[in-house]
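Read the structure below first, then the notes.
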Amino acid sequence: MVKGNANRPDDVVIAKNGLSVEISNTDAEGRLVLGDAVTEAVTHEPAIIMDFATLTGAVIGALGESRTGIFTNQSEEYLKDVLKSSKKVGEKLWHLPMDESDEAAVKDTPIADILNSNLRPFGGASFAAAFINQFTEGYPWLHFDIAGTSQFTKNNPYGPKAASGVMIRTVVDYILEGSMYD
């Protein structure tokens, strides 16, 4: 622990939306901040919430370093335009599952409303997305897990070895060409 007041396993914290969160993994602190950020976004009654985070190493295990994982609390039809935009601009995007079993796993704690990290060594990306979904209040939401794609490991046509800016091209095209405001 860096300081005596750092989070420890089994601590319970209260999120901005009032949910109690059991800390099962102190390395999953970023999702606590992201949950509060999504809660803040909800207060502005958005047409859509989009978040971009290097949320899990599990997405790298599932998709490697060339595809971004996308999750949503909406139907697959809702993804049609964003997937079309990603293909058009050349940013690889892959829809990953998040369902009631992931939602149940997030709530599988006897001491709080939700758990911050999966206690099992599989399904980490879906679990993390289901955790963030607890803060959306049902607003349309797209979560981009950019853990594997946030950095270019070598020079390429999109830019030099460095931070990639992944999904910016996709989202700009999605906003300009898509039907999100129809």
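Per my numbering, the very first residue in the sequence shown carries number 5; after that it's consecutive. Backbone N, C-alpha and C define an ideal beta-carbon position, used for all residues, glycine too.
Mind checking which residues open and close the alpha helix (DSSP H) that includes L97?
Unbroken run through L97 is the beta strand (DSSP E), 97 to 99; no alpha helix (DSSP H).
Look at I74 and F148 and say whether their C-beta atoms are less than 8 angstroms apart.
Yes, they are a contact pair.
Output the distance between the C-alpha atoms of S70 and S79, rounded to the nearest integer angstrom.
Using only the alpha carbons, I get a separation of about 25 angstroms.
Skipping 5 residues on each side, what residues in its chain have a beta carbon closer than 6 angstroms to that of K20?
For K20, where only same-chain residues beyond five positions count, the Cβ hits under 6 angstroms are D40, T43.
Which of helix, strand or coil does DSSP assign to N137?
DSSP places N137 in helix when its eight states are reduced to three.
Following the continuous alpha helix (DSSP H) through T72, name the residue where it begins and the one where it ends.
From DSSP, T72 is part of no alpha helix (DSSP H) but of the beta strand (DSSP E) over 72 to 76.
Under 8 angstroms Cβ to Cβ from I118, same chain only, skipping five residues before and after it: list those, please.
The residues are L23, S24, V25, E26, V110, K111, F135, Q138.
Name the one or two DSSP bridge partners that F148 has.
According to DSSP, which records beta bridges pairwise, F148 is partnered with F56, I74.
When DSSP builds the beta bridges, which residues end up paired with E26?
Paired residue(s): V16, L119.
How about the region 91 to 100 and the region 158 to 177: do they share at least three Cβ pairs that are nearer than 8 angstroms?
With a cut-off of 8 angstroms, the region 158 to 177 and the region 91 to 100 count as touching, because enough Cβ pairs lie within range.
Since A167 sits in a beta bridge, which residues does DSSP pair it with?
Q155, per the DSSP bridge assignment.
Could you pull the DSSP bridge partners for N160 from this structure?
DSSP output for N160 lists G163 as bridge partner(s).
Output needed for S154: all residues of its chain with C-beta closer than 8 angstroms, excluding positions within five of it in sequence on either side, in chain order.
Contacts found: T58, A167, S168, V170.
Given this structure, state the Cα-to-Cα distance separating K88 from A10, to the nearest angstrom.
Rounded to whole angstroms, K88 to A10 spans 43 angstroms at the Cα level.
Is the CB-CB distance between A133 and A66 below 8 angstroms?
No, the Cβ-Cβ distance between A133 and A66 is not below 8 angstroms.
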